[in-house]
Amino acid sequence: MAQNIIVRLPDGDNLEFPSGACVADLATSLGPLFSEAAIAGLMDGKLVDLNAEIVDGSTVAIVQANSPAGREIIRHSTAHVLAQAVLNLWPGAHFAVGPPIENGFYYDFQLPNEAHFTDEDIEKIEKEMRRIISQDQPFIREELSISQGLDLFADQPFKKEIIEAVSQTNTEGLDPEIASEQTVAENGRPIVSIYRNTDTFVDLCRGPHVPATSRLGAFKLTRVAGAYWRGQESNPQLQRIYGTAWESNEALEKHLIQLKEAEKRDHRKLGIEMDLFHFPSEIGGGLPVFHPKGGLIRMLMEDFSRQQHQNANYEFVWTPHIAKEELFKTSGHLQWYSEGMYPPMKLEGATYYPKPMNCPMHTLIYSSSMRSYKELPLRLFEFGTVYRFERSGVLHGLTRVRGFTQDDAHIFCTPDQLSDELTSLLKFVLEMLKAFGLSDFEAELATRPQKYLGDLKDWEVATSALKSALDEVNISYVVAEGEGAFYAPKIDVHVRDAIGRRWQISTLQVDFQLPQRFDIEYVGPDNQRHRPYMIHRALFGSLERFFAILLEHYAGSFPTWLSPVQVEVLPVRDIHQDYAKSVTNQLKAEGIRTQLSYADQPLGARIRKAKLEKIPFVLVVGDEDITNATVGVNVRDTAKPTRGVDLIDFISHVKKENTEHTTSPSVLETHK
RNA sequence: GCCCGAGUAGCUCAGAUGGUAGAGCAUUUGAUUCGUAAUCGAAAGGUCAGGGGUUCGAUUCCCCUCUCGGGCUCCA
Numbered sequence: 003m004a005q006n007i008i009v010r011l012p013d014g015d016n017l018e019f020p021s022g023a024c025v026a027d028l029a030t031s032l033g034p035l036f037s038e039a040a041i042a043g044l045m046d047g048k049l050v051d052l053n054a055e056i057v058d059g060s061t062v063a064i065v066q067a068n069s070p071a072g073r074e075i076i077r078h079s080t081a082h083v084l085a086q087a088v089l090n091l092w093p094g095a096h097f098a099v100g101p102p103i104e105n106g107f108y109y110d111f112q113l114p115n116e117a118h119f120t121d122e123d124i125e126k127i128e129k130e131m132r133r134i135i136s137q138d139q140p141f142i143r144e145e146l147s148i149s150q151g152l153d154l155f156a157d158q159p160f161k162k163e164i165i166e167a168v169s170q171t172n173t174e175g176l177d178p179e180i181a182s183e184q185t186v187a188e189n190g191r192p193i194v195s196i197y198r199n200t201d202t203f204v205d206l207c208r209g210p211h212v213p214a215t216s217r218l219g220a221f222k223l224t225r226v227a228g229a230y231w232r233g234q235e236s237n238p239q240l241q242r243i244y245g246t247a248w249e250s251n252e253a254l255e256k257h258l259i260q261l262k263e264a265e266k267r268d269h270r271k272l273g274i275e276m277d278l279f280h281f282p283s284e285i286g287g288g289l290p291v292f293h294p295k296g297g298l299i300r301m302l303m304e305d306f307s308r309q310q311h312q313n314a315n316y317e318f319v320w321t322p323h324i325a326k327e328e329l330f331k332t333s334g335h336l337q338w339y340s341e342g343m344y345p346p347m348k349l350e351g352a353t354y355y356p357k358p359m360n361c362p363m364h365t366l367i368y369s370s371s372m373r374s375y376k377e378l379p380l381r382l383f384e385f386g387t388v389y390r391f392e393r394s395g396v397l398h399g400l401t402r403v404r405g406f407t408q409d410d411a412h413i414f415c416t417p418d419q420l421s422d423e424l425t426s427l428l429k430f431v432l433e434m435l436k437a438f439g440l441s442d443f444e445a446e447l448a449t450r451p452q453k454y455l456g457d458l459k460d461w462e463v464a465t466s467a468l469k470s471a472l473d474e475v476n477i478s479y480v481v482a483e484g485e486g487a488f489y490a491p492k493i494d495v496h497v498r499d500a501i502g503r504r505w506q507i508s509t510l511q512v513d514f515q516l517p518q519r520f521d522i523e524y525v526g527p528d529n530q531r532h533r534p535y536m537i538h539r540a541l542f543g544s545l546e547r548f549f550a551i552l553l554e555h556y557a558g559s560f561p562t563w564l565s566p567v568q569v570e571v572l573p574v575r576d577i578h579q580d581y582a583k584s585v586t587n588q589l590k591a592e593g594i595r596t597q598l599s600y601a602d603q604p605l606g607a608r609i610r611k612a613k614l615e616k617i618p619f620v621l622v623v624g625d626e627d628i629t630n631a632t633v634g635v636n637v638r639d640t641a642k643p644t645r646g647v648d649l650i651d652f653i654s655h656v657k658k659e660n661t662e663h664t665t666s667p668s669v670l671e672t673h674k
C-alpha cells in the first residue's frame, strides 16, 4: 500500500511524491531544465545518487552537472571509467585509488610485471574509455559487509587494504585519500559501498556517481606520473594517470584554453624571453641569477617594501649566512629541520651550517641586551637569504629553489600586545600585497597539529589571537585543522592571480617555543622578568617566489612603477635624433627609466619591437613634436596612439603612475 | 631521491631507414630615413647535452651520466 512522502526543497517548498520515489523523479517534476542538468542529489546535506530513494520529510536539492559538486561527481565517475579501461588493457593490474581533484581526477595502478605507463599509453587508454562510455554502462550502487567486500576484491590488495582501514576506524580518522573511496554506515556498523558498471568491473566507492557513462565524455587524459601508495615513500610506487573532465565539451575546451594561457604566463619562459633571470647549471639547480632587468625589478620591490616597513616602525637588521651548530641546536632546527638543511662545514674545530631560517639570529639580536616592556613590540626586519636543501625533483623555477631571500621579520611583544599586533600586522600584509596589484585574498588559519610542542594554554591564546585578527580585518578564511607548524599556529594568506590561480604567499606565525629555547625575557612594569611572545612573518614569502607570481599575474606586463624600462623614445627619422635624445635626458632627469632608439629601421618595426618588450610607454617624436615640445604617446595594450602630448604633461603622468602604483599604464587625457 | 618525458645556434624549431646539419628571430655589419606592430643585403654563430659501445662511418642505434620539464613527497 503506497503512501505518499513529503520532500522539502531548498527554497522551503514542499512537494509530495509516492513512496519509493527517487531523486531523479524529483528532478523530472521540476522540469526538463532540471532533469537534464541533474547529476546527483543532496539529501539532508548528504550527496546521493539520482536513483537514491527519497526519505520522507528530508530536504533534497538537485546537484547540477556544472556545479562544483556536480563536476566532482563527473570526475570521480570518469576515474572509474579510467580504471575499467586500464584493467581491460592490462589484465592482472591492481587498482588503488582514483579521487577527483581540482579540475580533474587521477587513478593509481600497479601494472603486472612492474610495467610503467608511457605517453603513448594515454592515447590507447583514452580510446578504450570512449568505447566504455559509448556502451552507456550504468553505475549501480551496492552495499556489502566487510567480509563480502574482502571476498569481492580478493585479488586486489589495495582495495583490501582500504576495506580493512574502513573496518577499523570511522570516516573522520580515515586518510583523506581513502575517505573519498569509502564510507561507513550511519549506524556505525562498518559496511563498504561498491559501484558496479559491468559484470566484471566493480569498484569500491563512497559515491555518488552519475547514473550511467553516457553522462561522461568531456574528458582528456593529461599525463602519467609515479606516485607512492598512500603518499609514503616507503610504500610501493604506483603508476598514476591524471585527467580532466567536465560537464560539456565547451567547458573542457575552456579549461584547456586556460591551461594554454597559464603556459604562456609561465615565469620560467617569460624570465628567459624578457632577460630577467636564469638558472646556470654551473651554479646548480634551484639557484637563480637575476639579470640587470630582473635585478632592477627586484630592487624596486625591495625598496618599496623597506619603505613600508620603515613607516610601520620596523627596525632593520642584518645577519650572516652561516652559523655554528650550537645555534641551530638551541633553536631546534637540527632536531626538527635537519633534512631541510645543507650539510655542515667543519672549520678550526667548529661546525658551521648555512642558515635555513633567520629567526635564531634575530632572536640573538633581541637577547643582546636587557629589554624593557617599553621597547616592545620590537620589530626586526631583514631581507634574509636562506638556504634549504630541496630534493632535485621538487625544484620548480623561482617558486621552489634552494637559496632564496625572505622579507623576514620577527616581532617580539608582550602577551597583551599579541592580539593588536596581529591585527595591525594582517592589515599591513594586505596593504602591501594590494600595492603590488593583488587584491583577491583568502586566508587559512592553521591550527594545532596532532604532534605539537608547548602548553595547550599557549596554543589557545595564540589561536584565538590569530582568529580575532582575521575577524577584525574582515578577510574570508578557512580553518585548516591540524595544519599548523609543530611549534605554533599560523595564518597563511593566499591570493588569486589574474587568471584565477591560487598562490600561498604571506605567512604569520605565533611562536612561543623559540623565546623559551633562547630563554629571552623582558622586564615588565612590575619589575619582574617575563617571556615575550614572538611572531614570525614574511609578506612576499620569498622574494624569488613573489617575483615569479607577479610575473605570471601580469603575464610580463608589469605596472609602470615596476617596469624595468618605462619609456622608449623613437625618433621618426635620424634628423629627429637630437630631439629624441633631449626628451630621453629630460625623462631620465625626472627619474623615469627611459631608453632611446635609433632610426635605423622603419618606424613600424621599432614600434613593434618596443611593444613586444612590453614597455608601458613608447614615444614617437618627429617634426611637429620638435616645434611644439610634444611627444606622440603609445600606451601598452592600446592600439591608438595619442599625438601631440606636452612633454611636461607626459612626465607628470608617468610620475603619477609611479607613485600611485597604477596597475596598467593608462592613456593620457589630452587638452585637444 | 623515485616514475614518465625531453635535450639540435642566444631563443623558437626543422632534419636524415647511419654518410659529421638547416630556417626564422636575436647578434654584428653595409645600405635604407621612414608619423605607428616585421626595409633589403651580408657575416658570424653548432664537439647535434657529455661519456662509452656497436659500425668502415654515429647527431641518428644501444648503455651510462648530466641538465631540464610533468608528477609523488615537501614547502617560501
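The working numbering runs 2 ahead of the 1-based position in the first sequence.
For each residue, glycine too, the CB sits at the ideal point set by N, CA and C.
(request) Please list, in chain order, all residues of the same chain as Val633 whose beta carbon is under 7 Å from its beta carbon, the five residues on each side excluded. (result) Position 631 of the first sequence, counted from the start, is the residue given in the question as residue 633. Same-chain partners within the cutoff: Val585, Leu621, Val623, Asp627, Val647, Leu649 and Phe652.
(message) Here's the rule I'm using: 16 or more other beta-carbon atoms within 10 Å means buried, otherwise exposed. How should Glu174 be labelled?
(response) Your numbering for residue 174 matches position 172 in the first sequence. Any reading at Glu174 needs caution, since the residue's pLDDT is 45, under 50, leaving its predicted position unreliable; the model's value is listed next. By the 10 Å Cβ count, Glu174 comes out exposed.
(request) Please state if the CB of Ala601 and the CB of Asp576 are separated by a distance shorter than 7 Å. (result) Here residue 576 refers to the residue found at position 574 when the first sequence is read from its first residue. Here residue 601 refers to the residue found at position 599 when the first sequence is read from its first residue. Yes, Cβ-Cβ distance for Asp576 and Ala601 is below 7 Å.
(request) Going by CA-CA distance only, name the one from Phe520, Lys658 and Met434 that's closest to Gly334. (result) Within the first sequence, the letter at position 332 stands for residue 334. Among Phe520, Lys658 and Met434, the Cα nearest to that of Gly334 belongs to Phe520.
(message) Within the continuous alpha helix (DSSP H) that includes Pro93, where are the two ends?
(response) Numbered from its first residue, the first sequence carries residue 93 at position 91. Premise fails: Pro93 is in no alpha helix (DSSP H) and is neither H nor E.
(request) Measure how close the beta-carbons of Phe306 and Ala437 come, nearest whole angstrom, since I'm counting them as under 8 Å. (result) Position 304 of the first sequence holds residue 306. Position 435 of the first sequence holds residue 437. Right, their Cβ atoms sit about 7 Å apart.
(message) Which residue marks the beginning of the alpha helix (DSSP H) containing Gly297, and which one marks its end?
(response) The sequence position of residue 297 within the first sequence is 295, counting from 1. Unbroken alpha helix (DSSP H) run through Gly297: Pro294 to Asn313.
(request) Provide the residue span of the alpha helix (DSSP H) that contains Glu125, from first to last. (result) On the first sequence, position 123 is the one that residue 125 refers to. Note, Glu125: alpha helix (DSSP H), Asp121 to Ser136.
(request) Below 7 Å CB to CB, which residues in the same chain sit around Phe111 once its five sequence neighbours on both sides are set aside? (result) For the purposes of this step, residue 111 is taken as the residue at position 109 of the first sequence. The residues are Val88, Ala95, His96, Phe97, Ala98, Leu240 and Gln241.
(message) Tell me the rounded alpha-carbon separation between Leu17 and Ser69.
(response) Position 15 of the first sequence, counting from 1, holds the residue named residue 17. Position 67 of the first sequence, counting from 1, holds the residue named residue 69. Between Leu17 and Ser69, the C-alpha separation is close to 23 Å.
(message) Among Ile609, Pro379 and Trp231, whose alpha-carbon lies nearest the alpha-carbon of Cys415?
(response) Here residue 415 is taken as the residue at index 413 of the first sequence, counted from 1. The option with the nearest alpha carbon to Cys415 is Pro379.
(request) Over the uninterrupted alpha helix (DSSP H) stretch that includes Ser666, give me the two end residues. (result) As a first step, residue 666 must be located in the first sequence, where it is residue number 664. Element bounds for Ser666: n/a, residue is neither H nor E.
(message) Within the continuous beta strand (DSSP E) that includes Pro573, where are the two ends?
(response) Translated into the one-based positions of the first sequence, residue 573 becomes position 571. Its beta strand (DSSP E) spans residues Val569 to Pro573.
(request) For my contact list, Val495 and Ala445 are in at a C-beta cut-off of 8 Å; report their separation, rounded to the angstrom. (result) Within the first sequence, the letter at position 493 stands for residue 495. Within the first sequence, the letter at position 443 stands for residue 445. Confirmed, about 5 Å.
(request) Output yes or no for whether 7 Å exceeds the beta carbon distance between Ala425 and Pro491. (result) Working through the first sequence from its first residue, we reach residue 425 at position 423. Working through the first sequence from its first residue, we reach residue 491 at position 489. First, the amino acid is wrong: residue 425 is Thr here, not Ala. Contact: no.
(request) Look at the alpha carbon of Gln66 and the alpha carbon of Ala29, and state the distance between them as a whole number of angstroms. (result) Stepping through the first sequence from its first residue, residue 66 is reached at position 64. Stepping through the first sequence from its first residue, residue 29 is reached at position 27. C-alpha separation (whole angstroms): 10 Å.
(request) Indicate whether Ala214 and Asn251 have their beta-carbon atoms separated by less than 7 Å. (result) Mapped onto the first sequence, residue 214 falls at position 212. Mapped onto the first sequence, residue 251 falls at position 249. Not closer than 7 Å, so no.
(request) Kindly indicate the opening and closing residues of the beta strand (DSSP E) around Asn6. (result) On the first sequence, residue 6 is found 4 positions in, with the first residue counted as 1. Taken as a continuous stretch (DSSP letters only), the beta strand (DSSP E) holding Asn6 covers Asn6 to Arg10.
(message) Among the candidates Ile164, Pro192 and Phe141, whose CA atom is the shortest distance from the CA of Asp201?
(response) The residue labelled residue 201 in the question sits at position 199 within the first sequence. Considering only alpha carbons, the answer is Phe141.
(request) Go ahead and pull the three-state DSSP assignment for His234. (result) Taking the first residue of the first sequence as position 1, residue 234 is located at position 232. Note that residue 234 is Gln in the sequence shown here, rather than His. Here Gln234 sits in coil by DSSP.
(message) Considering only their Cβ atoms, is the gap separating Ala464 from Val431 smaller than 7 Å?
(response) Taking the first residue of the first sequence as 1, we reach residue 431 at position 429. Taking the first residue of the first sequence as 1, we reach residue 464 at position 462. Taking 7 Å as the Cβ cut-off, Val431 and Ala464 do not qualify as a contacting pair.
(request) Determine the burial state of Ile8: buried for a count of at least 16 other Cβ atoms within 10 Å of its Cβ, exposed for fewer. (result) On the first sequence, position 6 is the one that residue 8 refers to. By the 10 Å Cβ count, Ile8 comes out exposed.
(request) Can you check the stretch 506-534 for any alpha helix (DSSP H) of at least 4 residues that lies completely inside it and give the ranges in chain order? (result) 515-519
(message) Taking its Cβ as the centre, do 16 or more other Cβ atoms sit within 10 Å of Arg596, making it buried, or is it exposed?
(response) Position 594 of the first sequence, counted from the first residue, corresponds to residue 596. The sequence shown places Thr at residue 596, not Arg. With 16 or more other Cβ atoms within 10 Å, it is buried.
(request) Note down, one range per segment and in chain order, each beta strand (DSSP E) of at least 3 residues found wholly within the stretch 195-244. (result) 204-206 and 220-230
(request) Name, in chain order, the residues that DSSP records as bridge partners for Tyr600. (result) Locating residue 600 in the first sequence gives position 598, where the first residue counts as 1. Looking at the DSSP assignment, Tyr600 forms no beta bridge with any residue, so it has no partner.
(request) Taking only the alpha-carbon atoms, compute the straight-line gap between Gln139 and Val396 and give it to the nearest angstrom. (result) Translated into positions along the first sequence, residue 139 becomes position 137. Translated into positions along the first sequence, residue 396 becomes position 394. Approximately 40 Å, taken between the alpha carbons.
(request) Please check the pair Lys616 and Gly558, which I expect to be a contact at CB under 8 Å, by giving their CB distance rounded to whole angstroms. (result) On the first sequence, position 614 is the one that residue 616 refers to. On the first sequence, position 556 is the one that residue 558 refers to. Yes, Lys616 and Gly558 are in contact; Cβ-Cβ is about 5 Å, under 8 Å.
(request) Spell out the partners DSSP gives Trp248 in its beta bridges. (result) Position 246 of the first sequence, counted from the start, is the residue given in the question as residue 248. Bridge partners of Trp248: Ala220.
(request) For Leu52, count neighbouring Cβ atoms within 10 angstroms of its own Cβ and tell me buried if that reaches 16, exposed if not. (result) On the first sequence, residue 52 is found 50 positions in, with the first residue counted as 1. So Leu52 ends up on the buried side.
(request) With a threshold of 6 Å, establish whether the CB of Pro346 neighbours any heavy atom of the ligand MG. (result) Looking for the ligand MG in the displayed structure turns up nothing, as the structure carries no ligands at all.
(request) Helix, strand or coil for Val57, going by three-state DSSP, please let me know. (result) By 1-based counting over the first sequence, the position of residue 57 is 55. Reduced to three states, the DSSP call for Val57 is coil.
(request) Starting from Asp715, follow the alpha helix (DSSP H) in both directions and report where the run begins and ends. (result) Residue coverage of the chain in this structure runs from 3 to 674, which leaves residue 715 outside it and unanswerable.
(request) Can you give me the start and stop residues for the alpha helix (DSSP H) that Lys613 sits inside? (result) In the first sequence, the residue the question calls residue 613 occupies position 611. Leu605 to Leu614 is the extent of the alpha helix (DSSP H) around Lys613.
(message) For Leu154, tell me which candidate among Asp205, Glu125, Val168 and Lys348 has the shortest Cα-Cα distance.
(response) Position 152 of the first sequence holds residue 154. It is Asp205.
(message) From the DSSP secondary-structure annotation, give me the bridge partner or partners of Asp442.
(response) To locate residue 442, count along the first sequence from 1; it is residue 440. Answer is Arg498.
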